[in-house]
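These protein sequence lines map, in sequence, to chains A and B. Quick note: the first sequence uses this note's numbering, first residue 1, plus one each step. Quick note: the second sequence uses this note's numbering, first residue 1001, plus one each step.
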Amino acid sequence: MRFLIDLALAVVIAIAVGICSAWYAVDRGRLFGAVTAGGWTAWPREGGADADPYTLAMFARTGEVPLGAGEGLSFTADHDADGAPLSGKCTYDVVGETPAARLWTLTATDNFGRLMDNVAHRPGFHSREIVRASDGSFLITVSPTVESGNWLPIGTVDRFRLVLRLYDTPLTTGSQIASLVMPAIRKAACP
Amino acid sequence: MTRTLLFVVGGLLLGGIIHVVIVFLVPTYASNDAWSEMGRFGQDRQFHTLPLPEAGTERVPGMDPRMLQAVCRFNLTTGPLRVHADLPDEFWSVAVFDRRGRNVYSLNDRAAEGPKLDLAILTSVQMAQIHQNPPPALENAIVVELPIDAGFVLLRAFVPDDSTLPAARTALAGASCGDAI
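See the structure below:
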């Protein structure tokens, strides 16, 4: 009898631990291969033949298609420079420079990676249409309300993400990425 | 008590194995993956232009709204694949994904050295056959040997503004994806 109880306990533990941890790892976390630089996170291996099984499982569930290593690299940020989550009610300044790339695009998405409807019908900015300072740096204002200059509008959401896609960039390995200079996301105003 | 503890440890170990098995099986059993989604645009071995990503109507998640994309699903068991495209003088790229959505090959316009793309995709066996008897049709093509059977090719063309959208649409509509020789 005790053997049966012990066995049942072991099986219950195995199923609970196995399923819950697998679900968590695939659905919530991308545990391996993440490289962060200045608050931005990239998965340089996701666009290669050596992508890890967690990333492949996540892509299979979401239907997402990554950028190939020969196309570019995608960075995501969901926190500002102070470590607070990006809130759809606040205004943020994205300032600085991007790493070397022939072309980049900056897009705001909701917390699930979906595009947001916004008043200006502007999905994002790309490197050739922004107004830059004389030293080549830029300031993009991310705000739900109308702003002057490079205004990236966001929809009425609680939390959002910024996606910076660098196309035709020499960044291929993770080691270079950690020391990169990325644009900073600074909170400007919060009602 | 020690025996119960032993069973708990055994349960944890078995849980670890279940975890690994599930993670590896997800791509096999997922019905919502990129390959299935790309098949909803039309027939295989043809390029289909995807709608430009817009809020609320995204067919494929996580796509750049500044890129107009065309997809061609293929299966190499019926023969090698040849991709031809004449793209606008802007950034464009091409990526090949396998059945499980893993990127196995990618290239951008600079690496392709010009606006014209001529790509041939072959399996190892087909490559060996071609080596014995190289067809002149493949002389100018970028020939890629890939360890896959089924997959899809994704062409992405950068659209800087609305005025360049028609040119990109025409270029992607003119892209061909068919038999190699």
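Every residue gets a Cβ at the ideal spot worked out from N, C-alpha and C, and that includes glycine. This structure is a prediction, so every number in the text was calculated from the model and none was measured.
Using a C-beta cutoff of 8 Å, does residue i count as contacting chain A?
{"i": "Glu1113(B)", "result": "no"}
{"i": "Phe1158(B)", "result": "yes"}
{"i": "Leu1153(B)", "result": "It is Val, not Leu, that sits at residue 1153(B) in the sequence shown. Chain A contact via Cβ: absent."}
{"i": "Ile1018(B)", "result": "yes"}
{"i": "Phe1007(B)", "result": "yes"}
{"i": "Thr1004(B)", "result": "yes"}
{"i": "Ile1121(B)", "result": "no"}
{"i": "Ala1034(B)", "result": "yes"}
{"i": "Gly1039(B)", "result": "no"}
{"i": "Ile1022(B)", "result": "yes"}
{"i": "Phe1091(B)", "result": "yes"}
{"i": "Phe1097(B)", "result": "yes"}
{"i": "Asn1103(B)", "result": "yes"}
{"i": "Leu1207(B)", "result": "Summary: the structure shown does not reach residue 1207(B), with chain B confined to residues 1001 through 1181, and so no result is reported for it."}
{"i": "Val1026(B)", "result": "yes"}
Among the candidates the options, whose CA atom is the shortest distance from the CA of residue i?
{"i": "Arg159(A)", "options": "Ala84(A), Ala25(A), Met1(A) and Asp27(A)", "result": "Ala84(A)"}
{"i": "Arg128(A)", "options": "Gly33(A), Lys187(A), Ala101(A) and Ala57(A)", "result": "Ala101(A)"}
{"i": "Asp168(A)", "options": "Gly155(A), Leu103(A) and Tyr24(A)", "result": "Leu103(A)"}
{"i": "Glu1090(B)", "options": "Ile1130(B), Arg1082(B), Val1104(B) and Arg1066(B)", "result": "Arg1066(B)"}
{"i": "Pro53(A)", "options": "Leu1006(B), Phe1024(B), Ala1137(B) and Asn1108(B)", "result": "Phe1024(B)"}
{"i": "Ala1137(B)", "options": "Gly1151(B), Gln1126(B), Val1153(B) and Asp1118(B)", "result": "Asp1118(B)"}
{"i": "Asp1033(B)", "options": "Ala133(A), Glu64(A) and Gly113(A)", "result": "Glu64(A)"}
{"i": "Leu162(A)", "options": "Thr1057(B), Asp1064(B), Pro1166(B) and Ser1036(B)", "result": "Asp1064(B)"}
{"i": "Thr62(A)", "options": "Leu115(A), Asp27(A), Pro153(A) and Asn118(A)", "result": "Asp27(A)"}
{"i": "Trp1035(B)", "options": "Gly1101(B), Leu1155(B), Val1096(B) and His1131(B)", "result": "Gly1101(B)"}
{"i": "Gly1056(B)", "options": "Asn118(A), Ala16(A), Gly33(A) and Ile15(A)", "result": "Asn118(A)"}
{"i": "Leu180(A)", "options": "Ala8(A), Thr98(A), Lys187(A) and Glu147(A)", "result": "Thr98(A)"}
{"i": "Val1083(B)", "options": "Pro1053(B), Leu1165(B), Met1001(B) and Gln1046(B)", "result": "Gln1046(B)"}
{"i": "Asp1098(B)", "options": "Ala60(A), Tyr24(A) and Phe75(A)", "result": "Ala60(A)"}
{"i": "Cys1177(B)", "options": "Ile1022(B), Thr1049(B), Thr1028(B) and Ala1030(B)", "result": "Thr1049(B)"}
{"i": "Gly1114(B)", "options": "Pro1147(B), Ala1141(B), Thr1164(B) and Ile1017(B)", "result": "Ala1141(B)"}
Note the first and the last residue of the continuous beta strand (DSSP E) segment covering residue i.
{"i": "Asp1118(B)", "result": "Lys1116 to Leu1122"}
{"i": "Ser137(A)", "result": "Segment: none, Ser137(A) is in no beta strand (DSSP E) and carries neither H nor E."}
{"i": "His126(A)", "result": "Gly124 to His126"}
{"i": "Glu1145(B)", "result": "Ile1142 to Glu1145"}
{"i": "Leu1012(B)", "result": "Looking at the DSSP string, Leu1012(B) is not in any beta strand (DSSP E); the run it does join, the alpha helix (DSSP H), is Thr1002 to Tyr1029."}
Are the C-beta of residue i and some C-beta of chain B separated by less than 8 Å?
{"i": "Ala57(A)", "result": "yes"}
{"i": "Thr145(A)", "result": "no"}
{"i": "Asp168(A)", "result": "yes"}
{"i": "Ile177(A)", "result": "no"}
{"i": "Ala14(A)", "result": "yes"}
{"i": "Val35(A)", "result": "no"}
{"i": "Pro99(A)", "result": "no"}
{"i": "Val181(A)", "result": "no"}
{"i": "Ser87(A)", "result": "no"}
{"i": "His126(A)", "result": "yes"}
{"i": "Val142(A)", "result": "no"}
{"i": "Ser134(A)", "result": "no"}
{"i": "Ile19(A)", "result": "yes"}
What whole-angstrom Cβ distance do residue i and residue j have, given they're in contact under 8 Å?
{"i": "Asp1179(B)", "j": "Gly1079(B)", "result": "6 Å"}
{"i": "Asp110(A)", "j": "Val142(A)", "result": "At roughly 13 Å, the Cβ-Cβ gap does not stay under 8 Å, so Asp110(A) and Val142(A) are not in contact."}
{"i": "Val1008(B)", "j": "Ile13(A)", "result": "6 Å"}
{"i": "Gly149(A)", "j": "Val131(A)", "result": "6 Å"}
{"i": "Val1096(B)", "j": "Val1153(B)", "result": "5 Å"}
{"i": "Leu115(A)", "j": "Pro1053(B)", "result": "6 Å"}
{"i": "Ala51(A)", "j": "His1019(B)", "result": "Contact doesn't hold; Cβ gap of about 18 Å is too wide."}
Just to confirm before moving on: does the CB-CB distance between residue i and residue j stay below 8 Å?
{"i": "Ala108(A)", "j": "Gly96(A)", "result": "no"}
{"i": "Pro1088(B)", "j": "Ala1157(B)", "result": "yes"}
{"i": "Gly1039(B)", "j": "Ala10(A)", "result": "no"}
{"i": "Ser1106(B)", "j": "Gly68(A)", "result": "yes"}
{"i": "Ala49(A)", "j": "Val1026(B)", "result": "no"}
{"i": "Leu139(A)", "j": "Asp78(A)", "result": "no"}
{"i": "Leu1122(B)", "j": "Glu1145(B)", "result": "yes"}
{"i": "Pro1135(B)", "j": "His126(A)", "result": "no"}
{"i": "Met182(A)", "j": "Trp43(A)", "result": "no"}
{"i": "Cys196(A)", "j": "Cys20(A)", "result": "No statement about residue 196(A) is possible, as the shown extent of chain A runs from 1 to 191 and does not include it."}
{"i": "Leu164(A)", "j": "Leu106(A)", "result": "yes"}
{"i": "Phe1074(B)", "j": "Gly1151(B)", "result": "yes"}
{"i": "Ala1128(B)", "j": "Val1143(B)", "result": "no"}
{"i": "Glu46(A)", "j": "Ser1093(B)", "result": "no"}
{"i": "Asp80(A)", "j": "Arg1003(B)", "result": "no"}
{"i": "Leu86(A)", "j": "Leu166(A)", "result": "no"}
{"i": "Ala1111(B)", "j": "Ala1171(B)", "result": "no"}
{"i": "Val17(A)", "j": "Gly1062(B)", "result": "no"}
{"i": "Val35(A)", "j": "Ile185(A)", "result": "no"}
I'd like the span of the alpha helix (DSSP H) that includes residue i, first residue to last.
{"i": "Pro153(A)", "result": "Taken as a continuous stretch (DSSP letters only), Pro153(A) belongs to no alpha helix (DSSP H), being part of the beta strand (DSSP E) at Asn150 to Pro153."}
{"i": "Arg1082(B)", "result": "No alpha helix (DSSP H) holds Arg1082(B); the beta strand (DSSP E) holding it covers Leu1081 to Asp1086."}
{"i": "Ile13(A)", "result": "Arg2 to Asp27"}
{"i": "Met1038(B)", "result": "Ala1034 to Gly1039"}
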